[in-house]
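Beneath this line is the structure, given in structure tokens, with notes to follow.
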Amino acid sequence: MNAAAFSAGSLQVGTVDVVIVGAGHSGLAMSHCLGRRGIDHVVLERGEVANAWRHERWDSLRLLTPNWLTRLPGMAYDGDDPDGYMRRDEVAAFIARYARTSGAPVRTGTTVRAVMADDAGYRVDTDRGRWRCRAVVLASGAFARPSVPRIGASLPGGVAQLTPYQYRNPGQVEAGGVLVVGASATGLQLADELQRAGHPVTLAIGEHVRMPRMYRGRDIQWWMHAAGLLDQRYDALDDLSRARGVASPQLIGSRERAIMDLNALSAGGARLVGRVANVRDGQVQFSGALRNVCALADLKMARLLATIDTWAATHIDDGSLPPAERFDATRLPEKKILGLNLKREGIRTVIWATGFRPDYSWLKLPVLDAKGNIRHNGGVADAPGLYVMGLPFLRRRKSSFIHGAEDDAQDLAGHLAGYLDALSRPGPSRACPASGTRSRSRHGALEADRAVRPRCD
Amino acid sequence: MDAQTQMRVDNGINVEALLGAREALSKMPEAARFNWRATCEWINGTHARSTIDSYFGLGEEQMHRMAHRIDSDHPELFAAEDHGATPVEIVLAGLAGCLTAGIAAVAQNRNIQLRSVKATLEAGMDLQGILGIDSEVRNGFDGVKVIFDIDADATREEIEALVAQSQKRSAVFDIFTNPTDVSVMVS
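So the protein lines, in turn, are chains A and B.
The opening residue of the first sequence carries number 1 in UniProt numbering; numbering runs sequentially from there.
The opening residue of the second sequence carries number 1 in UniProt numbering; numbering runs sequentially from there.
As structure tokens, this is what we get:
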């Protein structure tokens, strides 16, 4: 084997049953579940374990979920601050420890260049050679690439533009005004941090999800977890595609357990404007629908709290539970700003907190829809033996949270085992292994099948 | 919701057909591309008559059941003859009609019986703009206020949610609140 062949990715490294792409919490949770079933697999990771947490997140980021909720199959938080929220380096350490204790077969520093079908199943080309496998699990992250609207290209020169992954801390941002575009957890956290560092902040707001950090004395995530809201299933929703597109809730994990909402930001001085609609003659134009997106978020929050109250009334028999709370409606300035000349306003930096997308540029399989999203049914992708993990509302509301990986990985590992099982059985049933919801989860039977099954390659 | 409650609510909206269209069009995005048209002829003074009859949608030419005509003019205060509403009032009527239709559709979908829906609209305008007195003043509205008076079998919160959802899905609300590229040419 010569160096040219090696660099072209054609060096055959190995054959396994399953290749998992990505050693973040999702990929490792799946690895754990496959390992428990004795399924031969490898986890390919472009950088190191928990790479995005180490290298692609801003410094002050903490999880939106409390530590007691941070767990993966076979490992739960065991530190002394169950009500705290992990910093990004603590998340990275937690995931790295998980990789070690679960003995995940991770190949770090291995970038996947292409995944394509071949006669035995799939071929996975990496910068360190080629793998062949029967099944692939895509766990490369729902938030791989910041998504920046095309409008960014029309901004006047001299205005710095940053994505949340380029942004590290306020020290990196030039003195002067900042326009933060986007009002999800990311946009609000960055706006808050920049404002505290002395930057005049303008926040452009589209549809968003408002939530108090604490409700009736408990973390909002406790309520959502306890009342089963996080376990709501993808196949029980009226409008799944809408649910999958919902932005992350306006929350921050902080010691103070402070509320992070538009009222808090504007109290600190931030100017609230509508969604960025257009750029014309150096003027950024904002949608006039700001009132309505705030009304929608206020109404939705009130419905969530009413749901929690109803649940609490029948499930919590505790006289010490504080009474139901309602929060002020979002306060907006009387005079609406519909356009700003960035230069005249002294706005030197624009931060696009406009969401994230997965990166499937290396996926050479016809499974993407017109918008570049993978077609899947609860993580079972639209190609036999192809699975995806960690996407918003993949199988449950909690799917994109760290603790959401456990149930999804269990379910999908079961499906995957059934798929491998069907592949190894001779006969016509082989032809349609991915169509069913069958899952063979009994270890013994699975092992017996594996022992006698003919190889397909 | 059981079938009986579903039967009782009737806002004159065929939700099944709307949901069916949504389902079908999500699979055929090209059929979802519509083209709306109007023609307009000058009559005299500021009086003009718009005619709306054909449009394009579902991949082919379509016709309204009949041609709809809308006269526009200006009031006597403007030294005109008031043969019709002013164009800006017609635009307000467009917003009102769109939001009201949306409320009916959302109410039907949410199983809410409407008894009456009345919208009152107000839009401020400083004439110094269109008269070219002050170039800092814009020609159009400096703001639009819509007040809905709704009588329905629903709580106040449910009614507020209807109104919010209607705005979220309204074409004319979007046209009002976001810039639109407009090209005006001579044939």
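A virtual CB, placed ideally from N, CA and C, is assigned to each residue, including glycine.
The structure displayed is predicted, hence computed values, not measured ones.
Excluding the 5 residues flanking residue i on each side, which residues of the same chain have their C-beta closer than 7 Å to its C-beta?
{"i": "Arg169 of chain B", "result": "Gly102"}
{"i": "Gly346 of chain A", "result": "Gly176, Gly177"}
{"i": "Ala243 of chain A", "result": "Leu237, Phe393"}
{"i": "Gln108 of chain B", "result": "Val9, Asn11, Ile13, Val15"}
{"i": "Asp17 of chain A", "result": "Ile39, Asp40, His41, Cys133, Arg134, Ala135, Leu420"}
{"i": "Asn341 of chain A", "result": "Gly282, Gln283"}
{"i": "Asp411 of chain A", "result": "Arg395"}
May I ask you to list the residues that DSSP assigns as paired with residue i?
{"i": "Trp47 of chain A", "result": "In the sequence under discussion, the amino acid at residue 47 of chain A is Gly, which differs from the Trp named in the question. In DSSP, Gly47 of chain A forms no bridge with anything."}
{"i": "Gly121 of chain A", "result": "A:Asp118"}
{"i": "Met86 of chain A", "result": "The partner list for Met86 of chain A (beta bridge, DSSP) is empty, contrary to what the question assumes."}
{"i": "Pro212 of chain A", "result": "According to DSSP, which records beta bridges pairwise, Pro212 of chain A is partnered with nothing at all."}
{"i": "Gln165 of chain B", "result": "In the DSSP output, where bridge partners are listed per residue, Gln165 of chain B has none listed."}
{"i": "Glu30 of chain B", "result": "According to DSSP, Glu30 of chain B bridges with nothing at all."}
{"i": "Met60 of chain B", "result": "Met is not the amino acid found at residue 60 of chain B; the sequence shown has Glu there. B:Gly57, per the DSSP bridge assignment."}
{"i": "Ser60 of chain A", "result": "Paired residues: none, contrary to the question."}
{"i": "Val279 of chain A", "result": "A:Val284"}
{"i": "Leu72 of chain A", "result": "A:Met75"}
{"i": "Thr126 of chain A", "result": "A:Val112, A:Gly129"}
{"i": "Gly177 of chain A", "result": "A:Ile347"}
Using 10 angstroms around the beta-carbon of residue i, count the other beta-carbons present and answer buried if the total reaches 16, otherwise exposed.
{"i": "Pro433 of chain A", "result": "Residue placement at Pro433 of chain A is poorly supported in this model, since its pLDDT is 41, which falls under 50; the coordinates still yield a value, given next. Per the 10 Å Cβ criterion, buried."}
{"i": "Leu296 of chain A", "result": "buried"}
{"i": "Arg275 of chain A", "result": "buried"}
{"i": "Leu18 of chain B", "result": "exposed"}
{"i": "Thr46 of chain B", "result": "buried"}
{"i": "Ser26 of chain B", "result": "exposed"}
{"i": "Leu262 of chain A", "result": "buried"}
{"i": "His74 of chain B", "result": "buried"}
{"i": "Arg150 of chain A", "result": "exposed"}
{"i": "Pro333 of chain A", "result": "exposed"}
{"i": "His55 of chain A", "result": "exposed"}
{"i": "Arg115 of chain B", "result": "exposed"}
{"i": "Pro66 of chain A", "result": "buried"}
{"i": "Leu127 of chain B", "result": "exposed"}
{"i": "Phe143 of chain A", "result": "buried"}
{"i": "Val186 of chain B", "result": "exposed"}
{"i": "Arg71 of chain A", "result": "buried"}
{"i": "Gly385 of chain A", "result": "buried"}
Excluding the five sequence neighbours on either side, which residues of its own chain have a C-beta within less than 6 Å of the C-beta of residue i, listed in chain order?
{"i": "Asn278 of chain A", "result": "Gln285"}
{"i": "Thr39 of chain B", "result": "Thr51"}
{"i": "His83 of chain B", "result": "His47, Asp71, Asp73"}
{"i": "Val144 of chain B", "result": "Ala123"}
{"i": "Ala104 of chain B", "result": "Asn11, Ile13"}
{"i": "Phe34 of chain B", "result": "Gly57"}
Which class does residue i belong to by DSSP, given the choice of helix, strand or coil?
{"i": "Thr39 of chain B", "result": "strand"}
{"i": "Gln128 of chain B", "result": "coil"}
{"i": "Ala67 of chain B", "result": "strand"}
{"i": "Tyr167 of chain A", "result": "coil"}
{"i": "Arg37 of chain A", "result": "coil"}
{"i": "Lys336 of chain A", "result": "coil"}
{"i": "Gly143 of chain B", "result": "strand"}
{"i": "Tyr387 of chain A", "result": "strand"}
{"i": "His74 of chain B", "result": "coil"}
{"i": "Asp449 of chain A", "result": "The pLDDT assigned to Asp449 of chain A is 34, lower than 50, so where the model puts this residue is not dependable; a value taken from the coordinates is nonetheless given after this. Helix, per DSSP."}
{"i": "Ser424 of chain A", "result": "helix"}
{"i": "Glu345 of chain A", "result": "helix"}
{"i": "Thr5 of chain B", "result": "Note that Thr5 of chain B scores a pLDDT of 49, beneath 50, so its modelled location is shaky; the value from the coordinates is reported in the next line. Residue state, collapsed to three classes: helix."}
{"i": "Gln410 of chain A", "result": "helix"}
{"i": "Asn11 of chain B", "result": "coil"}
{"i": "Asp151 of chain B", "result": "strand"}
{"i": "His315 of chain A", "result": "helix"}
{"i": "Gly94 of chain B", "result": "helix"}
{"i": "Val117 of chain B", "result": "strand"}
{"i": "Phe356 of chain A", "result": "strand"}
{"i": "Ala104 of chain A", "result": "coil"}
Within a Cβ cutoff of 8 Å, which residues of the same chain sit near residue i, ignoring the five residues on either side of it in sequence?
{"i": "Ala409 of chain A", "result": "Ser26, Ala29, Met30, His32, Cys33, Pro73, Met389"}
{"i": "His195 of chain A", "result": "Note that residue 195 of chain A is Gln in the sequence shown, not His. So the list reads Val201, Leu265, Gly268, Gly269, Ala270, once near-sequence residues are dropped."}
{"i": "Arg396 of chain A", "result": "Leu230, Asp231, Gln232, Arg233, Tyr234, Gly404, Asp407, Asp408"}
{"i": "Tyr215 of chain A", "result": "Trp223, Leu305, Ile308, Glu325"}
{"i": "Ala383 of chain A", "result": "Ala117, Leu365, Pro366, Val367, Ala434"}
{"i": "Ser248 of chain A", "result": "Leu64, Ser184, Ala185, Thr186, Val209"}
{"i": "Trp53 of chain A", "result": "Gly24, Arg88, Asp89, Val91, Ala92, Ile95"}
{"i": "Glu30 of chain B", "result": "Gly59"}
Between residue i and the ligand HEM, is the CB less than 7 Å from at least one heavy atom?
{"i": "Tyr165 of chain A", "result": "This structure does not include the ligand HEM; it has no bound ligands of any sort."}
Using 8 Å for Cβ pairs, my map puts residue i next to residue j. What's the rounded Cβ distance?
{"i": "Lys118 of chain B", "j": "Asp149 of chain B", "result": "4 Å"}
Practice problem: Compile a chain-ordered list of the residues in the region 146 to 160 of chain B whose CB is closer than 7 Å to at least one CB of chain E. | Solution: The structure shown contains no chain E; its protein chains are A and B.
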